[in-house]
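Before any comments, here is the structure.
Residue numbers (the working numbering): 465 to 752.
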């Protein structure tokens, strides 16, 4: 049996989204989520397909990677393949050699599940740890408290409001109306929602996109932002509560989010919205 590395066609993205959803579990490691692929879809289906790498053994998909950037690969691995040594060795070989078409030459980063065998092999190869990230999770077994702001579910006719809040929340954001429509046309968005929070005057003050992996699975917040003109008023906590409630309505078992540990304000916001801090994770950095 041979493990094969491939890049999917656009038509193959749907089944891969389904695989990623199947692999999500509250008891398993935090790893690449269908929503991560869904958020990337704002660049279009073809570019999304070109960013994906798939490892399979005789047609059985064992691992899915997404090049979030040319120098950053984010990996998800089937739960029963996390310790698969043959798979780990093949991924390791594909990551070490730029000619294999996974990562570019030079300094690059890999995010893999905490329990993955490939992580151990990369450390043995001399890969280093990068800056820490903090994952957070909120259980959704019980109803979520009221967000205490007006919340709109964004449809195509209000995409401009959603994208404007995004650009006002993140310096350098390139989220346009066209990219919102591309994202919304993607397979993962069928189980997603964009929310905009408004203050008492009706100003759009915060926004979030939530992604379901299906009933009984963890959902994802990606991204969440507060308009720079309205920070310091609790709107981050409010829209995060609205996001958790939306995921619960979609059948999610929990809500996940991940942020750089250095962003202490974001960590505090999610904690204020009832999210529990999980053990820090670190990408691995290639030393050459």
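For each residue, glycine too, the CB sits at the ideal point set by N, CA and C.
- Cβ-Cβ distances below 6 Å link residue 564 to 558 in the same chain, with the five nearest sequence neighbours on each side left out; the list follows chain order.
- The C-alpha of residue 589 is placed about 42 Å away from the C-alpha of residue 712.
- Distances from the alpha-carbon of residue 637 to those of 663, 543, 507, 744 put 507 closest.
- Exposed is the label assigned to residue 570, since fewer than 16 other Cβ atoms lie within 10 Å of its Cβ.
- As the crow flies, the alpha-carbon of residue 747 is around 22 Å from that of residue 683.
- The Cβ atoms of residue 608 and residue 709 sit closer than 7 Å to each other.
- Per DSSP, residue 519 lies in no alpha helix (DSSP H); the unbroken beta strand (DSSP E) holding it starts and ends at 516-521.
- Residue 575 sits in a strand when the DSSP states are folded into three classes.
- Per DSSP, residue 487 lies in no beta strand (DSSP E); the unbroken alpha helix (DSSP H) holding it starts and ends at 477-487.
- Comparing C-alpha distances from residue 474 to each of 735, 649, 699 shows the shortest one belongs to 649.
- The C-alpha of residue 487 lies about 16 Å from the C-alpha of residue 655.
- For residue 467, the pairing in a beta bridge is given by DSSP as 521.
- For residue 542, there is no enclosing beta strand (DSSP E), since its DSSP letter is neither H nor E.
- Residue 524 and residue 544 have their C-alpha atoms some 12 Å from each other.
- Under the three-state reduction of DSSP, residue 718 is assigned to strand.
- Considering only 568, 672, 561, 556, the residue with the shortest C-alpha distance to residue 576 is 556.
- Per DSSP, reduced to three states, the secondary structure at residue 729 is helical.
- Buried is the label assigned to residue 676, since at least 16 other Cβ atoms lie within 10 Å of its Cβ.
- The closest CA to that of residue 484, considering only 527, 697, 740, is found on 527.
- With contacts defined by Cβ atoms closer than 7 Å, residue 613 and residue 719 do not form a contacting pair.
- In this structure, residue 659 places its C-beta atom within 7 Å of the C-beta atom of residue 672.
- If the five residues before and after residue 678 are omitted, its C-beta is found closer than 6 Å to the C-beta atoms of 485, all from its own chain and listed in chain order.
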